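Undergrad: Numbering (my numbering), first residue to last: 660 to 1162.
We treat Cβ as the ideally placed atom computed from N, Cα and C, and that holds for glycine.
Bear in mind the structure is a predicted one, so any value in this text is a computation, not a measurement.
One structure, as structure tokens, below. Some questions next.
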Ligand SMILES: [Zn+2]
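Rendered as structure tokens:
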């Protein structure tokens, strides 16, 4: 379908066509008019709002045969080559995949050479915050003494992750998120030019979904045109958006139920790339688990029969307790997401946790095991033990299960004593032997309080695990908090590093 290239096809070729970044446009055009061109620019702002587009326009303005000019002609060989992406003098580099020292060194060497045909060599480095420290240092050397014919345009969604030494050498432009009206207006223009019949409300819905990103909006518009077979109605867009999300939610649910962390994170990434609002997505996941649970307990939600059958199939593999647990966990994530400084990471950590939650022993299996034990005791097939020693039959991995559900214990205690509950969250179960659970605490104060009130903890343990355990608190270096461990794991999976930490 011809429409599938609208973002490229309708990329602004004149400064006047840029939507929403008036302050950037005016400042750059004035500088071009007065011949005051900087050697390095930093374009900061959310994705899909025109940073690369403006960078290419600036390159054109600098190299146009009639330039430097605030109004590049778009017809000379230089302009045409830049539009086609074939100019030898305008080099676009993706910082995410060329983040090493070697790439930057190569860049430095090539920067020394004169332009091939244009006036300037323009280097556009996208996602520049992804560069490694040595690469930044190499780049800095070039920025300190830039050859006269070189202009750097660094683009980033994360300006605070760009070293201050680099930032201070650049003229910074902050690009802003586009308003619903600005996006809908542009989509309306494109629709008219393409001869596509549209309902205004449909464009407004697309613009809302795109959350300020023109690129996401155009990609949604493409999909809507294909989905509606050339006609974009509010109804068809609603249906399309619903189907995309529904499909993603089903796949995420599947991954979590199977304990497949990697797959789960891939679905989150896909949702993000498709411009799905993460807040709505987390709400949708909660809804999905609620539906699975409803189907499981024989009270299917009021949904098309086909969908209920699909839910039933997915719910098959897990118990009511498991589904209830996931429902609680996902609703926690959904309620925290709007307040989180890093919503995507929060969602990812949540997905990792949910997927991990079921790979430890299920509650049902645990109860079955205890049932077998009880049965054994009644029939006298195993030697008679004191109830305290019952834990002996648990295989060593039960400490892992205990760790996995430690938060539940802490929550239960918190209901009786919020302070003690808070202390327990700081502690780590470290050994389980002969019915004795050792808890490690980083401070002697926490240790002493827990020891004094260990009865409360023991009662909570009995309630959660159905087993009597004794508790002893110790002072010890404790492992990092769960969140940090999960964060590390997520970063490992993405092969990333902590460049900047919130709070
Ligand atoms: Zn030109």
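1. Leaving out five residues on either side along the sequence, give the residues of the same chain with a beta carbon under 6 Å from the beta carbon of residue 1214.
2. Going by DSSP in three states, residue 785 sits in which element: helix, strand or coil?
3. For residue 878, which of 846, 767 and 672 has the nearest alpha-carbon?
4. Is it right to say residue 673 is buried, meaning 16 or more other beta carbons lie within 10 angstroms of its own, or is it exposed?
5. Among all the DSSP beta bridges, which residues are the ones paired with residue 814?
6. Please enumerate, following chain order, all residues with a beta carbon closer than 7 Å to at least one heavy atom belonging to ligand 1.
7. So, are the CB atoms of residue 952 and residue 983 less than 8 Å apart?
8. If you draw a straight line from the C-alpha of residue 1117 to the C-alpha of residue 840, how long is it?
9. What span of residues does the alpha helix (DSSP H) with residue 825 cover, start to end?
10. Between which two residues does the alpha helix (DSSP H) harbouring residue 712 extend?
11. Just how far apart, CA to CA, sit residue 831 and residue 945?
12. If we count Cβ pairs, one from each stretch, closer than 8 Å, do we get three or more for the segment 716-723 versus the segment 741-748?
13. Starting from residue 833 and walking both ways along the beta strand (DSSP E), at which residues does that stretch end?
14. Do the segment 957-969 and the segment 891-899 make contact, defined as three or more Cβ pairs closer than 8 Å?
15. Do residue 714 and residue 814 come within 8 Å of each other at the CB atom, strictly closer than that value?
16. Report the partner residues of residue 1095 according to the DSSP bridge assignment.
17. Looking only at C-alpha atoms, which of 704, 703, 710 and 695 sits nearest to residue 728?
18. So, under 8 Å CB-CB, residue 797 and residue 760 are touching, yes? Tell me the CB distance rounded to an integer number of Å.
19. According to DSSP, is residue 1062 helix, strand or coil?
20. Do residue 907 and residue 868 count as a contact pair if the criterion is CB distance below 8 Å?
21. By DSSP's criteria, residue 920 is part of a beta bridge. Which residues make up the other side?
22. Pairing CB atoms from the segment 786-805 with CB atoms from the segment 816-825, are three or more of them under 8 Å?
23. DSSP three-state call for residue 1043: helix, strand or coil?
24. Since residue 926 and residue 914 should fall inside the 8 Å C-beta cutoff, what is the C-beta to C-beta distance between them, to a whole number of angstroms?
25. Out of curiosity, what's the CA-to-CA distance linking residue 1081 and residue 1070?
26. Is the beta carbon of residue 774 closer than 8 Å to that of residue 808?
27. Helix, strand or coil: which one does DSSP assign to residue 750?
28. Over the uninterrupted alpha helix (DSSP H) stretch that includes residue 947, give me the two end residues.
29. So which of 998, 1115 and 1103 has the shortest CA-CA distance to residue 1077?
30. Less than 8 Å between the C-beta atoms of residue 880 and residue 665, yes or no?
31. Could you give the DSSP three-state label for residue 856: helix, strand or coil?
32. Going along the chain, which residues of its own chain have a beta-carbon closer than 7 Å to the beta-carbon of residue 755, five neighbours each way excluded?
33. When the cut-off is 8 Å and only beta carbons count, does residue 1099 lie next to chain D?
34. Mind checking whether residue 937 and residue 1002 have CB atoms under 8 Å apart?
TA: The short version:
1. The requested residue 1214 is not part of the displayed model; the chain covers only 660 to 1162.
2. strand
3. 846
4. exposed
5. 702
6. 719, 723, 724, 725, 726, 731, 732, 733, 734, 735, 737 and 738
7. yes
8. 59 Å
9. 823-826
10. 710-722
11. 41 Å
12. yes
13. 830-833
14. no
15. yes
16. 1092 and 1129
17. 695
18. 6 Å
19. helix
20. no
21. In the DSSP output, where bridge partners are listed per residue, residue 920 has none listed.
22. Three or more Cβ pairs closer than 8 Å define a contact, and the segment 786-805 meets that threshold against the segment 816-825.
23. Unreliable positioning characterises residue 1043 in this predicted model, as indicated by a pLDDT of 35, which lies under 50. A coordinate reading is not provided.
24. About 6 Å separates the two Cβ atoms, so the contact holds.
25. Pairing residue 1081 with residue 1070, the inter-Cα distance amounts to about 8 Å.
26. In this structure, the beta-carbon distance from residue 808 to residue 774 falls below 8 Å.
27. Residue 750 falls in the strand class under three-state DSSP.
28. 937-955
29. 1115
30. yes
31. The answer is strand: DSSP assigns residue 856 an E or B state.
32. 786 and 789
33. Going by chain labels, chain D is absent from the structure shown, which holds only one protein chain.
34. yes
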